[in-house]
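Mapping the sequence shown onto numbering that gives the first Met the number 0, position 480 (from 1) lands on 479, and the numbers just tick up by one.
The beta-carbon is built from N, C-alpha and C at its ideal position, and this holds for glycine as well.
Data block below; observations after.
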Amino acid sequence: MRLRAVRFFALVLLLNVMAVSGALGSGRAQSRFYDSPYTCLIYGGYGNNGNILDLRSGLYHTDPRTQANTLYTPGELSPDHQYRAYLVWNQRPDQTNTLYLYPAKGGTIAVQDNITSPFYFFWSPDSQRFAYTYANASEVTLSIAHADGSGLQHVRIPTLNPLDVIVNGWSPDGRYLLIGTREWDGRRWTLWNTQGQLVASTGAWDWVERAEWSPDSSHLLYLASTSSSSSMSVNIFNLATFSERAHALVASTNYVNTRWSSKGRYLLVTYGTAAPDLIWHLDVFDVDGPEYRLSLETDRSKSRSIEQAAQWLMNGEQIAYFQDKTLKVFTPAAHETLEIVANLVKGPFPAPNQPDRVALVERDAKLVRGGLLNLDGTQRTTLFQTDGDYGDAAWSADGHYVAFTWSSGRAAQRDVHLSWVKADGSGLKDIHGFVDLRDVEYYGDRVVFLVKEAAASDFNLKLLDLRTGAMTPFGNTFSEVLYVDTEPNTGDYRVWWRDQHGALGVDAYTIAGQLPTMRRFNFGLSQVAIKNPPPFFVAPGGEVVAIKFGDYLIHEYLQLSRSDGTTTHLIASPDVGLGDPLWSPDGKLVAFTQAVRNPNQTSLYTPITLEVYTADGQPVRSISRPGNSYGNLAWTSCQ
Numbered sequence: 000m001r002l003r004a005v006r007f008f009a010l011v012l013l014l015n016v017m018a019v020s021g022a023l024g025s026g027r028a029q030s031r032f033y034d035s036p037y038t039c040l041i042y043g044g045y046g047n048n049g050n051i052l053d054l055r056s057g058l059y060h061t062d063p064r065t066q067a068n069t070l071y072t073p074g075e076l077s078p079d080h081q082y083r084a085y086l087v088w089n090q091r092p093d094q095t096n097t098l099y100l101y102p103a104k105g106g107t108i109a110v111q112d113n114i115t116s117p118f119y120f121f122w123s124p125d126s127q128r129f130a131y132t133y134a135n136a137s138e139v140t141l142s143i144a145h146a147d148g149s150g151l152q153h154v155r156i157p158t159l160n161p162l163d164v165i166v167n168g169w170s171p172d173g174r175y176l177l178i179g180t181r182e183w184d185g186r187r188w189t190l191w192n193t194q195g196q197l198v199a200s201t202g203a204w205d206w207v208e209r210a211e212w213s214p215d216s217s218h219l220l221y222l223a224s225t226s227s228s229s230s231m232s233v234n235i236f237n238l239a240t241f242s243e244r245a246h247a248l249v250a251s252t253n254y255v256n257t258r259w260s261s262k263g264r265y266l267l268v269t270y271g272t273a274a275p276d277l278i279w280h281l282d283v284f285d286v287d288g289p290e291y292r293l294s295l296e297t298d299r300s301k302s303r304s305i306e307q308a309a310q311w312l313m314n315g316e317q318i319a320y321f322q323d324k325t326l327k328v329f330t331p332a333a334h335e336t337l338e339i340v341a342n343l344v345k346g347p348f349p350a351p352n353q354p355d356r357v358a359l360v361e362r363d364a365k366l367v368r369g370g371l372l373n374l375d376g377t378q379r380t381t382l383f384q385t386d387g388d389y390g391d392a393a394w395s396a397d398g399h400y401v402a403f404t405w406s407s408g409r410a411a412q413r414d415v416h417l418s419w420v421k422a423d424g425s426g427l428k429d430i431h432g433f434v435d436l437r438d439v440e441y442y443g444d445r446v447v448f449l450v451k452e453a454a455a456s457d458f459n460l461k462l463l464d465l466r467t468g469a470m471t472p473f474g475n476t477f478s479e480v481l482y483v484d485t486e487p488n489t490g491d492y493r494v495w496w497r498d499q500h501g502a503l504g505v506d507a508y509t510i511a512g513q514l515p516t517m518r519r520f521n522f523g524l525s526q527v528a529i530k531n532p533p534p535f536f537v538a539p540g541g542e543v544v545a546i547k548f549g550d551y552l553i554h555e556y557l558q559l560s561r562s563d564g565t566t567t568h569l570i571a572s573p574d575v576g577l578g579d580p581l582w583s584p585d586g587k588l589v590a591f592t593q594a595v596r597n598p599n600q601t602s603l604y605t606p607i608t609l610e611v612y613t614a615d616g617q618p619v620r621s622i623s624r625p626g627n628s629y630g631n632l633a634w635t636s637c638q
């Protein structure tokens with residue numbers, strides 16, 4: 000949110016705001032602002048851009064130039080970050096636009112006026128050129144220029160309907176632009192060079208989709224079909240010979256997934272057939288050799304998606320795939336298949352940044368075994384064997400550690416373990432002696448989790464050092480834990496709990512230093528059912544949070560809570576729908592939108608009001624302007 004505020008403020012400065020004042024439709028007496036410099040809100044949507052609300056005076060300001068010249072695109076940044084392209088909407092009767100370049104060194108370059116939509120823009124991979132297309136009622140124009148806007152060329156793209164033109168973008172080597180068109184004989188992909196010349200086109204089909212370049216730009220694959228057939232084909236177009244081959248897939252195909260090998264010689268295709276069969280297939284093509292290197296039915300497990308059914312290993316020369324519950328590895332060049340795991344139960348769980356290194360659970364006679372191995376079958380490490388319960392593998396974010404929770408024994412002898420090991424299989428450690436262990440979260444070389452050490456006990460928090468195995472208790476105990484999650488921006492470990500009276504609270508733990516530090520937020524609301532962790536909006540500084548409860552846009556509550564335990568009920572009324580709260584960058588003001596539902600209708604009625612409060616819950620302004628939009632809300636300074 001703060002980044003968006005900075006961007007909008009920069010936009011206001013860029014366009015040299017010339018303010019004109021107007022009165023608000025309604026207002027509330029000003030409350031104390033403290034010393035916050037953030038006393039203006041920018042808001043608006045298409046046709047209502049550039050509105051600036053001054054909370055002190057209750058006046059709004061509009062910039063005539065932002066009303067007349069609205070940035071139609073968010074700006075396309077060149078890969079080398081030297082230029083940003085903007086399409087500016089002129090709001091003239093002909094509804095045309097102007098394309099501008101903003102060099103990083105300063106200044107403005109007007110590229111072209113009178114551009115119509117739809118509009119597509121693409122920088123070349125090397126940042127040396129850009130291309131764009133725009134359409135009118137009867138044709139589509141392709142324009143190509145150097146990065147500074149010089150050498151601009153225009154060429155007409157033949158098509159029956161301008162809305163049927165699809166611009167895919169540049170090839171990885173920057174030699175070609177790929178554009179989909181529709182002519183009298185059907186739809187096809189066309190290739191254009193950097194001079195705007197048409198150099199090749201694929202065959203015509205009733206439908207074409209999903210075009211993908213090989214890593215070396217030597218081949219292009221796309222999916223195609225005809226209205227007379229229920230089957231789909233994978234087509235491979237050779238850029239050296241301008242020829243193509245079509246490989247028909249099994250009839251009634253859906254869920255097609257394609258992956259190139261690292262050098263672009265082989266193509267892996269996994270796909271499923273539609274109901275009632277729901278069979279998954281795996282095909283491997285040599286783009287310049289035999290039609291198939293491998294063709295078989297893959298794992299039918301409902302727990303594994305078609306994208307997970309097969310993958311290239313990091314060496315780019317082998318494929319790991321599942322057939323039934325068996326993990327296998329296929330080498331296209333040698334046409335060789337190896338069986339790695341015979342009876343997979345859970346997984347695999349790939350290591351971050353090292354997808355060939357996986358944790359998994361497999362069945363071994365009457366026991367299950369959790370372990371670690373490479374997808375080619377090497378470097379096996381066993382973490383546990385049990386006939387009891389077991390959970391998913393949990394990798395650290397850096398892929399340095401992996402851990403399993405599992406249990407041994409039965410009934411009163413049940414013992415829950417946490418076992419972990421380094422990614423290379425060394426340093427295996429284990430802790431146990433619990434009746435329950437849950438919600439393991441990594442923080443570098445440490446993990447935090449909740450445990451019960453006896454059947455009738457409360458949950459306790461533990462901090463475990465993975466390097467030494469030292470375990471330290473900290474924080475509060477909890478008789479009822481609703482949810483555990485992490486705060487998206489700070490990574491704080493959060494425990495959502497209810498006390499013996501049913502009151503709701505959240506403990507947020509910052510895991511830093513020797514021991515975590517805690518902030519406790521009380522919300523009460525013993526009568527409010529909580530199905531999932533509610534949206535949690537932390538003010539800058541972290542000492543105040545805004546939280547939304549209730550049914551989305553029907554009956555919502557909004558509260559502010561401080562880490563000292565005090566709570567402010569801002570909105571606690573039936574038939575109220577709320578927008579997400581937006582904190583000012585200094586955390587002293589919060590803004591949100593509100594609308595009241597008409598009991599006799601299913602939709603919210605207007606006007607929607609814009610509410611502004613202090614962090615202490617004191618009202619500042621309530622703004623209602625009929626017909627107004629509060630989209631793109633952002634804080635800025637009025638100074």
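*Between Val427 and Leu460, which are expected to be in contact by the criterion C-beta below 8 Å, what is the C-beta distance as a whole number of angstroms?*
According to the sequence as given, residue 427 is Leu; it is not Val. Not a contact, Cβ separation roughly 25 Å.
Original post:
By DSSP, does Ala410 sit in helix, in strand, or in coil?
Top reply: It is helical.
Check your understanding: In whole angstroms, what is the alpha-carbon distance linking Val207 and Leu222?
Key -> 6 Å
Only counting the same chain, and skipping five residues up and downstream in sequence, which positions put a Cβ closer than 6 Å to that of Pro691?
An answer regarding residue 691 cannot be provided, because it is not within the stretch 0 to 638 covered by the chain.
Residues near Lys647 in its chain [Cβ-Cβ closer than 7 Å; skip 5 each side] | The chain is shown from 0 up to 638; residue 647 falls before or after that span and cannot be answered.
Per DSSP, what kind of secondary structure is Pro671 in: helix, strand or coil? Residue 671 is absent from the model: the chain starts at 0 and stops at 638.
Margin query: Measuring straight from C-alpha to C-alpha, what distance separates Tyr508 and Gln127?
Written below: Going from the Cα of Tyr508 to the Cα of Gln127 covers about 49 Å.
Practice task
Below 8 Å CB to CB, which residues in the same chain sit around Gln29 once its five sequence neighbours on both sides are set aside?
Solution key: The pLDDT assigned to Gln29 is 39, lower than 50, so where the model puts this residue is not dependable, and the model offers no usable value.
- Item | CA-to-CA distance, Gly541 to Thr489, given in whole angstroms | 9 Å
Worksheet item: Contact check, Leu569 vs Tyr612 under 8 Å by CB: the rounded distance?
Response: 6 Å
If you compare alpha carbons, which of Val249, Pro532, Phe548, Arg519 is closest to Arg561? Arg519
Q. If we ignore side chains and look at the alpha-carbon of each, how far apart do Val447 and Glu440 end up?
A. 5 Å
With a threshold of 16 other CB atoms inside 10 Å of the CB of Gln196, please say whether the residue is buried or exposed.
-> In summary, Gln196 is exposed, with fewer than 16 beta-carbon neighbours lying within 10 Å of its beta-carbon over all protein chains present.
- prompt: Anyone know if the C-beta pair for His431 and Asp414 falls short of 7 Å?
  reply: yes
| said: Which residue marks the beginning of the beta strand (DSSP E) containing Trp204, and which one marks its end? | reply: Where Trp204 is concerned, there is no enclosing beta strand (DSSP E), given that its DSSP letter is neither H nor E.
Environment of Leu12 [buried if 16+ CB atoms lie within 10 Å]:
Confidence is the limiting factor: at Leu12 the pLDDT is only 25, short of 50, which leaves the residue's position unreliable, though a coordinate-based value still follows. Exposed, by the Cβ-count rule.
Please work out which residues of its chain come closer than 8 Å, Cβ to Cβ, to Glu296, disregarding the five sequence neighbours upstream and downstream, and give them in chain order.
So the qualifying residues of the chain are Ile278, Trp279, His280, Leu281, Gln322.
Check whether the Cβ atoms of Pro727 and Val268 lie closer than 7 Å to each other. Shown here, the chain extends from 0 to 638; a query on residue 727 therefore has no answer.
#### Entry: Contacts around Ser224, its chain only, beta-carbon distance under 6 Å, and the 5 residues preceding and following it disregarded
Trp206, Met231
Check your understanding: What are the boundary residues of the beta strand (DSSP E) that includes Phe236?
Key -> 231-237
**Item:** Sub-7 Å separation of Lys547 and Leu557 beta-carbons
**Value:** yes
* To do: Can you grab the Cα-Cα spacing for the pair Gly398 / Leu481, in whole Å?
  => Between Gly398 and Leu481, the C-alpha separation is close to 29 Å.
Can you list, in chain order, the residues of its chain whose CB lies under 7 Å from that of Phe433, leaving out five sequence neighbours each side?
Contacts found: Val415, Val450, Lys451, Glu452.
Q. Looking at the structure shown, is Pro161 part of a helix, part of a strand, or coil, going by DSSP?
A. helix
Excluding the five sequence neighbours on either side, which residues of its own chain have a C-beta within less than 7 Å of the C-beta of Gly202, listed in chain order? Arg187, Glu243
Requested in this report: Going by CA-CA distance only, name the one from Thr385, Pro354, Gly346 that's closest to Asp363.
Outcome: Just measuring C-alpha positions, the residue of Thr385, Pro354, Gly346 sitting nearest Asp363 is Thr385.
Quiz item: What does DSSP give as the partner residues of His431 in its beta bridges?
Solution: His416
- request: Measure the alpha-carbon distance for Ala308 versus Tyr320 and round it to whole angstroms.
  value: 6 Å
query = Below 7 Å between beta carbons: does that hold for Ser260 and Trp212?
reply = no
Check: The beta strand (DSSP E) with Phe591 in it runs from where to where?
Finding: 588-595
Cutoff 7 Å; reference Leu465; Cβ partners in own chain excluding five residues on either side:
Tyr400, Trp419, Asp444, Arg445, Val446
Inset, instruction - Could you tell me if Pro351 is buried or exposed, where buried requires 16 or more neighbouring beta carbons within 10 angstroms of its beta carbon? - result: exposed
Q.
Contact defined as beta carbons within less than 8 Å: I believe Ala402 pairs with Ala393. What is the distance between those atoms, to the nearest angstrom?
A. 5 Å
- On the premise that Val139 lies in contact with Val164, defined as a C-beta separation below 8 Å, what is that separation, rounded to the nearest angstrom? That pair is a contact at about 5 Å.
Return the bridge partner residues of Ser149 from the DSSP annotation. Ser149 pairs with nothing; no bridge assigned.
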